[in-house]
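Some notes on the structure that comes next.
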Amino acid sequence: MAQPTNTFDSYDAVGIREDLEDVIYNVAPDETPFYSKTAKIKAKNTFHEWQTDTLRASGVNAHIEGDDTVASARTATVRLGNYTQIFKDAVIVPDTDEGLDKAGRGREIAYQSLQIAKEQKLDIEKAMFANQARVAGGSSTARKLAGIPAWIATNTVKATAGSPADPTGDGTDARTDGTKLAFSQSRFNSAMQAIWESGGKPQSVYLSSFQMNVALGFVGNNNQR
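Numbering-wise (numbering that gives the first Met the number 0), the sequence shown opens with residue 0 and increments by one.
So, in structure tokens, the structure goes:
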């Protein structure tokens, strides 16, 4: 079957309007689960501090009537702190570009600012998970916050090879990695047990997509969430 002679079809036409959707689809991952869930407070100094305390170990506590009371030794609170880190980016949009009629957004500066805000959240999430010690900074050095790995000094499951070492736990030094271990249910359970026995109440676990696939293979109810 062929076209009749001199058929003027769409391939010959000039001036066909473009068929462009008035929307922009974001195809990049933009979730920041840890940063989004973390409580936010306002820092009033570039070095923000807080205190922690703990309880003594439980013991037998029984006394006779009328016995003299002897004060037990008490331990002072621990004062910790972390530096604030400056996250920034910028976009320059000339007035001419702002006046153009574009698909998917009204004003280019507003759209780009929104994109930057999402990218900044990703940068913050990355910094929070980074195995880096805090940096005080200076006139030629940027301040850096200590990432979560620099605070985890207990209840860890480490390799026996490669000289692994936990950090001090006050943000002043980073974790020292040893020979890598495969993520397994037994190691995960050991870590969760140690956390609970130390008074922790873990409610969330953050895994890479690869490790999440491993966790989905765990037996029992662990793979239901």
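Ideal Cβ placement from N, Cα and C applies to all residues, glycine included.
Determine which residues share a DSSP beta bridge with R78 and list them. For the purposes of this step, residue 78 is identified with residue 79 of the sequence shown, where counting begins at 1. Per DSSP, Q50.
Closest to K41 by C-alpha separation, out of D96, A173, L113 and Y82, would be which residue? Locating residue 41 in the sequence shown gives position 42, where the first residue counts as 1. Answer by Cα proximity: Y82.
Since S162 and G177 should fall inside the 8 Å C-beta cutoff, what is the C-beta to C-beta distance between them, to a whole number of angstroms? Within the sequence shown, numbered from 1, the residue matching residue 162 stands at position 163. Within the sequence shown, numbered from 1, the residue matching residue 177 stands at position 178. Rounded, the Cβ-Cβ distance is 6 Å, consistent with contact.
Is it right to say K36 is buried, meaning 16 or more other beta carbons lie within 10 angstroms of its own, or is it exposed? Position 37 of the sequence shown, counted from the first residue, corresponds to residue 36. That one is exposed.
Could you confirm whether any beta carbon from chain B is found closer than 8 Å to the beta carbon of F7? The question asks about chain B, but that chain is absent: this structure has only one protein chain.
What residue from L99, Q184, K143 and G219 has the CA that sits closest to A210's CA? Walking along the sequence shown from the start, residue 210 turns up at place 211. Per the sequence shown, the amino acid found at residue 210 is Gln instead of Ala. Closest option to Q210, Cα to Cα, is Q184.
Please report the residue range of the alpha helix (DSSP H) in which F182 lies. The residue given as residue 182 occupies position 183 in the sequence shown. Where F182 is concerned, there is no enclosing alpha helix (DSSP H), given that its DSSP letter is neither H nor E.
Compute the minimum distance between the beta carbon of A158 and the heavy atoms of the ligand GDP, and state whether it is under 7 Å. Summarising the ligand content, the structure contains no ligands, and the ligand GDP is consequently not present.
At the level of alpha carbons, what is the spacing between F86 and A56? As a position in the sequence shown, residue 86 is number 87, starting the count at 1. As a position in the sequence shown, residue 56 is number 57, starting the count at 1. Each residue's CA atom was taken as its position, placing F86 and A56 some 42 Å apart.
Using the rule of at least 16 other Cβ atoms within 10 Å of the residue's Cβ for burial, across every protein chain shown, is G170 buried or exposed? The count along the sequence shown starts at 1 and reaches residue 170 at position 171. Buried, by the Cβ-count rule.
Let's see if you can read the secondary structure: which residues bound the alpha helix (DSSP H) around A214? To locate residue 214, count along the sequence shown from 1; it is residue 215. Where A214 is concerned, the enclosing alpha helix (DSSP H) stretches over S208 to A214.
Contact defined as beta carbons within less than 8 Å: I believe V134 pairs with K143. What is the distance between those atoms, to the nearest angstrom? Locating residue 134 in the sequence shown gives position 135, counting from the first residue. Locating residue 143 in the sequence shown gives position 144, counting from the first residue. Right, the Cβ-Cβ distance comes to about 4 Å (below 8 Å), so this counts as a contact.
What are the uninterrupted segments assigned as beta strand (DSSP E) that are 3 or more residues long and contained completely in the region 63–129, given in chain order? 77–82
Buried or exposed by the 16-neighbour rule on C-beta atoms within 10 Å, applied to G146: Against the sequence shown, residue 146 aligns to sequence position 147. Looking at its Cβ environment, which holds 16 or more other Cβ atoms inside 10 Å, G146 is buried.
In this structure, does DSSP put A164 in helix, strand or coil? Numbered from its first residue, the sequence shown carries residue 164 at position 165. Strand, per DSSP.
Please report the straight-line C-alpha distance between T51 and G168, rounded to a whole angstrom. In the sequence shown, the residue the question calls residue 51 occupies position 52. In the sequence shown, the residue the question calls residue 168 occupies position 169. Roughly 12 Å between the two C-alpha positions.
Going by alpha carbons, who is nearest to L97 out of D88, A89 and E107? Here residue 97 refers to the residue found at position 98 when the sequence shown is read from its first residue. Reading off the sequence shown, one finds Glu at residue 97, where the question assumed Leu. Nearest C-alpha to E97: E107.
Pick helix, strand or coil for K143, following the three-state DSSP scheme. For this step, residue 143 is matched to residue 144 along the sequence shown. Residue state, collapsed to three classes: strand.
Have a look at N130 and P166 and give me their C-alpha separation to the nearest angstrom. One-based indexing of the sequence shown puts residue 130 at position 131. One-based indexing of the sequence shown puts residue 166 at position 167. Straight-line Cα distance between these residues: approximately 10 Å.
S35: first and last residue of the uninterrupted alpha helix (DSSP H) it sits in: Within the sequence shown, residue 35 is the residue found at index 36, counting from 1. That run of the alpha helix (DSSP H) goes P32 to K36.
DSSP bridge partner residues for G137 (one or two, in chain order): Along the sequence shown, read from residue 1 onward, the residue named residue 137 stands at position 138. DSSP lists T140 as partners of G137.
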